[in-house]
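Student: In our numbering, the protein residues as written are 43 to 180.
Below you will find the structure I want to go over with you.
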DNA sequence: GCCAACGTTGGC
DNA sequence: GCCAACGTTGGC
């Protein structure tokens, strides 16, 4: 199972909405690198749900419910989306400040490429972020 | 609200 | 196909 991190501005689509809706299409990605990451996602992969701009913290975990398919919000038909299902909130959201303060995360894409909206997270980083977030679920 | 990073567009 | 101009993202 691969692990990822996806960003959303809470003004546009927040964690609360994700939880309320259960499963939700992850649309609106218009960046080639991010789109490649979406295409590499497999059903059952997990991803951190990160609030950009407002909050700037990892607030929860979602799971890929449907692999890449054409983004219905894209008129050109060039871009794809996936479906994400809410798994659960992090008991203690992990802030960007905390991530940046830890040298272990210096090579995390979130730190290195701040504008990328969909990125892979290595197994070691995933485990550490789960621990920091107080995540005890599976 | 400002600015840095960076992707995209369009003129040549 | 290069590169300057411009737009967008997102941290601060």
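Each residue gets a CB set at the ideal place from its N, CA and C atoms; glycine is no exception.
List the endpoints of the continuous beta strand (DSSP E) containing residue 107.
Tutor: 99-112
Student: Tell me, which residues are paired with residue 47 by DSSP?
Tutor: 90 and 161
Student: For the candidate residues 176, 83, 107 and 157, whose alpha-carbon lies nearest to that of residue 93?
Tutor: 157
Student: Residues bridged to residue 128 by DSSP?
Tutor: Answer is 104, bridged to residue 128.
Student: Contact defined as beta carbons within less than 8 angstroms: I believe residue 66 pairs with residue 125. What is the distance between those atoms, to the nearest angstrom?
Tutor: 7 angstroms between Cβ atoms; contact.
Student: What does residue 67 pair with, by DSSP beta-bridge criteria?
Tutor: 125
Student: Could you give the residue range of the alpha helix (DSSP H) that holds residue 180?
Tutor: Looking at the DSSP string, residue 180 is not in any alpha helix (DSSP H), and its letter there is neither H nor E.
Student: Does DSSP classify residue 52 as helix, strand or coil?
Tutor: coil
Student: With H, G and I counted as helix, E and B as strand and the rest as coil, what does DSSP make of residue 154?
Tutor: helix
Student: Determine the closest residue to residue 81 out of 49, 141, 109 and 148, with distance taken between C-alpha atoms.
Tutor: It is 109.
Student: Please list the terminal residues of the continuous alpha helix (DSSP H) segment that includes residue 142.
Tutor: Per DSSP, the unbroken alpha helix (DSSP H) holding residue 142 starts and ends at 138-143.
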